[in-house]
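Quick note: the sequence shown, position 3, residue 3 per UniProt numbering, numbers continuous.
Where a beta carbon is used, it is the ideal one built from N, C-alpha and C, also for glycine.
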Amino acid sequence: MVKDLLFEQNEPLKIISELGDVDYFPGFFSPPSSQSIFNRLIEDITWHQEPIWMFGKKIMQPRLTALYGDPAIPYSYSGITMETVAWDKLLLDIKDKVEHVCNTEFTHVLLNYYRHGQDSMGWHRDNEKSLGNNPVIASLSFGQERVFQFRKYSDKSEKKSITLGNGSLLLMQGATQKYWEHQVPKRAGIQAGRINLTFRKIFPPK
Ligand SMILES: O=C(O)CCC(=O)C(=O)O
Ligand SMILES: [Fe+2]
1 MVKDLLFEQN EPLKIISELG DVDYFPGFFS PPSSQSIFNR LIEDITWHQE
51 PIWMFGKKIM QPRLTALYGD PAIPYSYSGI TMETVAWDKL LLDIKDKVEH
101 VCNTEFTHVL LNYYRHGQDS MGWHRDNEKS LGNNPVIASL SFGQERVFQF
151 RKYSDKSEKK SITLGNGSLL LMQGATQKYW EHQVPKRAGI QAGRINLTFR
201 KIFPPK
């Protein structure tokens, strides 16, 4: 009975169905699993603060990052090439669970650690050539909930905001990365950390 109720709660919510396809699964991982995954990621991942190029200037990203996956495939992102670390057991277990619902095989996971409300990620699309056409991107969130926003690339006046909770999965697919940008804005007063994992399939350069 309790299981049935939990299942109900875990039904996905359609966030975008026009010019793209985005679903939100609130309780993809249970609260205890999410807490334990969060703690292990904080401990085990080698976090780096990387520079990016913004308007011709090199600045440090307002968050920590890491890239795990198949080390034979390099991945460039916002003008930098990140070093790929080979999969570890925890990330492989998570990848299996995500692949199961997404019906896709991923080659990499990009990890972002927002240490507090002043860490953020600006408006962008995940539309690098190496992700191919209509990429499937599975985004998992652990720890502090944060606001996540979409706006159309061609009409930036209107925003859709959702809150990505602990243990949730946001699945972006179809034409989403063509027509929509997304961001994680700064939020005053947030002291707790959040970790986001985006699973991606990266095609090797030809
Ligand atoms: O932290 C998030 O929810 C989003 C991360 C993201 O957009 C990205 O890694 O490209
Ligand atoms: Fe993104």
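DSSP three-state assignment for residue i, whether helix, strand or coil
i	result
Ala39	The question names Ala, yet the displayed sequence has Asn at residue 39. Note: Asn39 maps to helix in three-state DSSP.
Ser30	coil
Lys129	helix
Lys186	coil
Ile15	strand
Lys97	helix
Lys3	Interpretation of Lys3 is limited by its pLDDT of 47, a score under 50 that renders its predicted location unreliable; the figure taken from the coordinates is listed afterwards. Helix.
Lys206	coil
Asp155	coil
Paired residues, beta bridge with residue i - DSSP
i	result
His48	Thr65
Leu197	Leu111 and Leu140
Phe25	Leu169
Trp87	Its beta-bridge partners do not exist; DSSP assigns none.
Ser76	Thr81
First through last residue of the beta strand (DSSP E) which encompasses residue i
i	result
Leu19	Note, Leu19: premise wrong, no beta strand (DSSP E); not H, not E.
residue 252	Shown here, the chain extends from 1 to 206; a query on residue 252 therefore has no answer.
Val147	Arg146 to Lys152
Ser161	Lys159 to Leu164
Lys58	Lys57 to Met60
Gly122	Met121 to His124
Anticipated Cβ contact below 8 Å, residue i with residue j, distance rounded
i	j	result
Val184	Tyr114	7 Å
Ile80	Pro51	7 Å
Trp180	Lys152	6 Å
Leu131	Thr65	With a Cβ gap of about 17 Å, Leu131 and Thr65 do not count as contacting.
Arg146	Asn112	Actually they do not touch by this definition, with Cβ atoms about 10 Å apart.
Val101	Lys201	Incorrect: roughly 15 Å between the Cβ atoms, too far for contact.
Gly193	Gly143	5 Å
Phe29	Ile37	7 Å
N-terminal and C-terminal residue of the alpha helix (DSSP H) that residue i is part of
i	result
Tyr179	Thr176 to Tyr179
Exercise. In chain order, what residues have a CB nearer than 6 Å to some heavy atom of ligand 3?
Worked result: Ligands in the displayed structure: ligand 1 and ligand 2; ligand 3 is not one of them.
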